[in-house]
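Report on one structure; see the data block that follows.
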Ligand code: GLN
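Numbering (my numbering), first residue to last: 1 to 304.
Below is the structure:
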C-alpha cells in the first residue's frame with residue numbers, strides 16, 4: 001500500500017471506533033465544535049500531500065502553538081534560552097503548578113503551560129510588536145497569509161484563565177518573568193487561540209521534518225541542532241503525562257492541544273496533522289492518538 005492508501009485505510013478503521021473522549025469544556029468557546037469532526041492531512045518532504053475527512057476545517061490549535069513560540073524564541077536567544085526553563089518531562093498535567101515551588105520558578109520544559117508562559121515573556125522582551133511579529137513568523141514559514149488568532153477563543157480563555165494567571169504570577173515571584181503578567185498572559189492566550197486546519201498545520205510543521213529549513217522558500221528557520229532539540233522535546237514532553245505512552249504507541253515526536261489537534265513529525269520524511277476534538281483524560285485527542293498509533297504500525301514509519 002502507498003502512503004495515501006494507508007492513511008485512508010487507517011482513517012476508515014479509526015473513524016468507526018468507539019470514541020471514549022470528551023470535549024474540553026474549561027474554555028467555554030471550545031465546546032462550539034462538531035464533536036464528531038475527524039480530519040487528517042499528511043505533507044511529505046518529497047511533496048506527496050494527502051488529506052481525508054474534515055482536513056479543511058479550521059480548529060483551535062491551542063498548545064500545539066507552543067512549539068512555534070519556542071521555535072521563534074530559540075532562534076532569537078540560542079542556547080541562552082535554557083537558563084530560563086528546563087528540558088525534562090514533567091510527568092504532570094499541562095496546567096500543573098506543583099513543581100514550580102521546588103524548582104524555584106524554572107518550568108520543567110517549554111510545553112507545559114508554565115514553560116510556554118516563560119517563552120511568551122521572552123518574546124515580549126525581545127520583539128517590538130510581539131503579536132504581529134509572531135504571526136509574520138508563522139505565515140512566512142508556511143507561505144500562508146491566512147493564519148490568524150481567534151479573538152473569540154482568546155477572549156473566552158481569558159475570561160476563565162485563572163490557573164494561567166496563578167502560574168504567571170507565581171513564576172514572577174521567583175523573578176523568572178520580566179514583563180507585566182497581564183501582558184504576558186495576553187500574548188499567551190492569543191498564541192493558544194491560533195486557528196488552522198490539518199492541511200495548514202502539517203504544512204507549517206514541515207520545517208521540523210526538514211532540519212529546520214523552510215520547504216517553501218528553502219531558508220533556514222532553525223539550525224539543524226535546534227531542530228533536532230525541538231523534535232527531542234516533542235518526543236519527551238509533547239503530551240505531558242502521556243508523553244511516554246505516545247512514544248510507546250506512536251514512536252514519533254509530536255504535540256497535542258486541547259482543541260483536539262495533534263501534529264507529529266517523521267524527521268526527513270513527513271509532518272502529519274490529525275484533528276478530532278474529543279479528548280482522553282490526559283487532555284489529548286482520543287481518536288488522534290488512536291489514528292497515529294495505527295498509522296505508524298501499518299506504515300512502519302516511526303523513528304524507532
Ligand atoms: N490554552 C490552553 C491552556 O492554557 C492550552 C492547553 C493545551 O492545549 N493543553 O490551558
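C-beta atoms are modelled at their ideal positions from N, C-alpha and C, and glycine is treated no differently.
Since the structure is predicted, the reported quantities are computational estimates derived from the model, not experimental observations.
Q. Does the distance from the C-beta atom of residue 304 to that of residue 263 stay below 7 Å?
A. Taking the chain shown and counting its residues from 1, the one referred to as residue 304 is at position 304. Taking the chain shown and counting its residues from 1, the one referred to as residue 263 is at position 263. The answer is no: Cβ separation not under 7 Å.
Which same chain residues, not among the five before or five after residue 231, have their C-beta less than 8 Å away from its C-beta?
-> Here residue 231 refers to the residue found at position 231 of the chain shown. Closer than 8 Å at the Cβ level, and outside the excluded window around residue 231, lie 208, 253, 265, 267.
**Inter-stretch contact at 8 Å, needing at least 3 Cβ pairs: the stretch 64-84 / the stretch 102-121** = yes
Nearer than 6 Å: is that true of the beta carbon of residue 257 relative to any heavy atom of the ligand GLN? Locating residue 257 in the chain shown gives position 257, where the first residue counts as 1. Yes, Cβ of residue 257 sits closer than 6 Å to a heavy atom of the ligand GLN.
Helix, strand or coil: how does DSSP classify residue 223 here?
-> Translated into positions along the chain shown, residue 223 becomes position 223. Coil, per DSSP.
Notebook entry, point to check: For residue 317, which residues of its own chain have a beta-carbon under 7 Å away from its beta-carbon, when the five flanking residues on both sides are left out?
Noted result: In the structure as shown, the chain starts at 1 and stops at 304, and residue 317 therefore has no counterpart that could be examined.
- Query: Got a sec: does the ligand GLN put a non-hydrogen atom nearer than 6 Å to the Cβ of residue 62?
  - Reply: Here residue 62 refers to the residue found at position 62 of the chain shown. Yes, the Cβ of residue 62 comes within 6 Å of a heavy atom of the ligand GLN.
Closer than 6 Å: is that where the CB of residue 192 sits relative to any heavy atom of the ligand GLN? Taking the chain shown and counting its residues from 1, the one referred to as residue 192 is at position 192. It does: the Cβ of residue 192 is within 6 Å (strictly closer) of some heavy atom of the ligand GLN.
_Suppose contacts are defined by Cβ-Cβ distances below 7 Å. Is residue 211 in contact with residue 237 by that definition?_
On the chain shown, position 211 is the one that residue 211 refers to. On the chain shown, position 237 is the one that residue 237 refers to. At a Cβ-Cβ threshold of 7 Å, residue 211 and residue 237 do not count as neighbours.
field: Opposing strand residues paired with residue 270 [DSSP bridges]
entry: In the chain shown, the residue the question calls residue 270 occupies position 270. DSSP, once it has assigned bridges, lists 44, 266 as partnering residue 270.
*Specify whether the stretch 79-95 and the stretch 48-56 touch according to this definition: at least 3 beta carbon pairs, one from each stretch, less than 8 Å apart.*
no
Quiz item: Do you know offhand how far residue 6's Cα is from residue 15's?
Solution: As a first step, residue 6 is located in the chain shown; it is residue number 6 there, counting from the start. As a first step, residue 15 is located in the chain shown; it is residue number 15 there, counting from the start. Going from the Cα of residue 6 to the Cα of residue 15 covers about 14 Å.
Q. How would you call residue 74, buried or exposed, if buried means at least 16 neighbouring beta carbons within 10 angstroms?
A. The residue given as residue 74 occupies position 74 in the chain shown. The residue is buried, with at least 16 neighbouring Cβ atoms inside 10 Å.
Counted within 10 angstroms of its Cβ, other Cβ atoms place residue 286 as buried (16 or more) or exposed:
Stepping through the chain shown from its first residue, residue 286 is reached at position 286. With 16 or more other Cβ atoms within 10 Å, it is buried.
| query | If you scan the stretch 214-261 from start to end, which runs of the beta strand (DSSP E) of 3 or more residues do you find wholly inside it? | reply | Segments of the beta strand (DSSP E) lying fully in the stretch 214-261: 254-256.
- Between 18, 11, 30, which lies nearest to residue 160 when the distance is taken from Cα to Cα? On the chain shown, position 160 is the one that residue 160 refers to. Out of 18, 11, 30, 30 has the C-alpha closest to the C-alpha of residue 160.
When every heavy atom of the ligand GLN is checked, does at least one fall within less than 6 Å of the C-beta of residue 95?
Counting from 1 along the chain shown, the entry for residue 95 is found at position 95. The answer is yes for residue 95.
request  = Could you give the DSSP three-state label for residue 50: helix, strand or coil?
outcome  = What you label residue 50 is simply residue 50 of the chain shown in a count that begins at 1. If DSSP states are grouped into helix, strand and coil, residue 50 belongs with the strands.
task: Quick one: which unbroken alpha helix (DSSP H) runs of 4-plus residues sit fully inside the stretch 54-133? Chain order, please.
output: 65-77, 98-102, 113-126
With contact counted as at least three CB pairs below 8 Å, one residue from each stretch, are the stretch 131-149 and the stretch 97-105 in contact?
no
List the DSSP bridge partners of residue 12.
Taking the first residue of the chain shown as position 1, residue 12 is located at position 12. As far as DSSP is concerned, residue 12 takes part in no beta bridge.
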